[in-house]
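Structure record follows, encoded as C-alpha cells.
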C-alpha cells in the first residue's frame, strides 16, 4: 500500500510518504521562484538567479497559479508584477518559507544531524563590549554551535526578527508598532557623557551616532539643542574621535571603562546624565525558538 500524508501504519503512527515530501518541496521551490520574480520584476532575471531556464520558470509559475486557483503575476513586455492575489501571497510566502526553515533547523538540532546555529542581532555596543565574554563562555559549553551575529540598529534587528532572518535580538526601546515581539529584560545600561582630558565640555560640540541608532534617539531627546559636529556608524568611531579631542559623546559606560581607567577619556558631569536604558532580549515567542537559540536566551536572561 502506498503511504500518503495522514495515513497510519499498524502502530497508529502517521506516515509521511516520500511523494508527499517531494510535493511539498516542489511547492516551496515554486514559492521561492515566485518571490524572485516579484523581487526582480522579470522572468529572465528570476530564472538566472534560480538557475533555471526561462521556460522551466514559466511552467513553475503556471503550476503555482493552478495550485492557488488565481493569476498571481501580470506579465507584460516590461516585466512581471504581482496581481492583487499575488501581492496578498507575497508576505505569506515569505512567512511560510521562514517557518519551514525554522522547523528544519529545530528538527535537525534535536535529531543531532548538526550542532545547530544561533542567529542574533544586536547594536554596536552590545556586539563589541557586552556579548563577547558571554558568547565565549556559552561556546565553551556548546563548542559545535555556529554563530551568526549581526551588528544592527534596534529597528534593523526587529525587522530581521519579524522576517525570520534572526532568532534573537538585543534591543532597547522596542518599537510599539512592531507586532508584539516577546521579550525579556537582559540588563540595564548606563549612558554617560565623555570627553578627552583637557576638552572644555561646556563649549565643545558633540560627536554622536547616526540616525536610526537608539543611542542617537536617546541623545536627541536629552540634548535637543546640542551642536552635533559628527555623526558616526560605530562605537569605535565615536570613541576614536572623542579621544582625539573633537567633541563630547553620550555612550554606554560599558564601552568606555578601559578608556576612563587609562585616562584617555574623562566622564563629563551633566544634569541629564547618567541615563539608564533597558536592554531586552526579544524573539517571536519561546515556542518558536530553535533549541540552540532557546538555550542562549536562557543564558542571557540568567545573567
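In our numbering, the protein residues as written are -4 to 298. A virtual CB, placed ideally from N, CA and C, is assigned to each residue, including glycine. Quick caveat: nothing in here was measured; it's all calculated off a predicted structure.
Using the rule of at least 16 other Cβ atoms within 10 Å of the residue's Cβ for burial, across every protein chain shown, is residue i buried or exposed?
i: residue 169; result: Confidence in residue 169 is poor, its pLDDT being 46 and thus under 50, which makes the residue's placement too unreliable to answer from.
i: residue 8; result: In this predicted model, residue 8 has a pLDDT of only 41, less than 50, meaning its place in the structure is not dependable; the value taken from the coordinates is given anyway. It counts as exposed.
i: residue 114; result: buried
i: residue 126; result: buried
i: residue 219; result: exposed
i: residue 138; result: exposed
i: residue 88; result: buried
i: residue 299; result: The requested residue 299 does not occur in the structure, where the chain is confined to residues -4 to 298.
i: residue 94; result: exposed
i: residue 241; result: buried
i: residue 116; result: buried
i: residue 143; result: exposed
i: residue 141; result: exposed
i: residue 28; result: buried
i: residue 25; result: buried
i: residue 288; result: buried
i: residue 244; result: buried
i: residue 191; result: buried
Please list, in chain order, all residues of the same chain as residue i whose beta carbon is under 7 Å from its beta carbon, the five residues on each side excluded.
i: residue 48; result: 42
i: residue 276; result: 163, 165, 178, 179, 181, 292, 295 and 296
i: residue 122; result: 144 and 146
i: residue 273; result: 167, 180 and 183
i: residue 271; result: 183 and 185
i: residue 92; result: 23, 26 and 27
From what residue to what residue does the beta strand (DSSP E) around residue i run?
i: residue 282; result: First-last for residue 282: undefined, no H or E at that position.
i: residue 144; result: 141 to 146
i: residue 165; result: 163 to 166
i: residue 301; result: There is simply no residue 301 to check, as the chain begins at -4 and stops at 298 in what is shown.
i: residue 116; result: 112 to 117
Tell me which residues share the same chain as residue i and place their Cβ nearer than 6 Å to its Cβ, disregarding the 5 neighbours each side in the sequence.
i: residue 294; result: 133
i: residue 119; result: 146, 229 and 230
i: residue 251; result: 189 and 260
i: residue 130; result: none
i: residue 223; result: 201 and 203
i: residue 34; result: none
i: residue 44; result: 31
Apart from the five residues on each side of it in sequence, which residues of its chain come closer than 8 Å, Cβ to Cβ, to residue i?
i: residue 32; result: 38, 41, 52, 56, 68 and 75
i: residue 80; result: 63, 65, 66 and 67
i: residue 254; result: 189, 234, 238 and 260
i: residue 269; result: 185, 186, 187 and 248
i: residue 207; result: 148, 150 and 151
i: residue 209; result: 118, 148, 149, 166, 167, 168 and 272
i: residue 267; result: 217 and 218
i: residue 60; result: 66, 67 and 68
Taking the alpha helix (DSSP H) that residue i falls in, what are its first and last residues?
i: residue 126; result: Per DSSP, residue 126 belongs to no alpha helix (DSSP H) and is neither H nor E.
i: residue 45; result: 38 to 45
i: residue 149; result: 149 to 158
Is there a C-beta anywhere in chain C that falls below 8 Å from the one on residue i?
i: residue 230; result: Within the model displayed, chain C is absent; a lone protein chain is all it includes.
> Could you give the uninterrupted runs of the alpha helix (DSSP H) lying entirely in the stretch 51 to 108, keeping only those of 4 residues or more?
Replying inline: 79 to 106
>> My parser needs the beta strand (DSSP E) runs of 3 or more residues fully inside the stretch 214 to 280; what are they?
In response: 223 to 227, 244 to 247, 261 to 263 and 270 to 278
> Would the stretch 276 to 292 and the stretch 196 to 215 be scored as touching if the rule is three or more Cβ pairs under 8 Å?
Replying inline: no
> How do the stretch 153 to 163 and the stretch 200 to 208 stand: do at least 3 beta-carbon pairs fall below 8 Å, yes or no?
Replying inline: no
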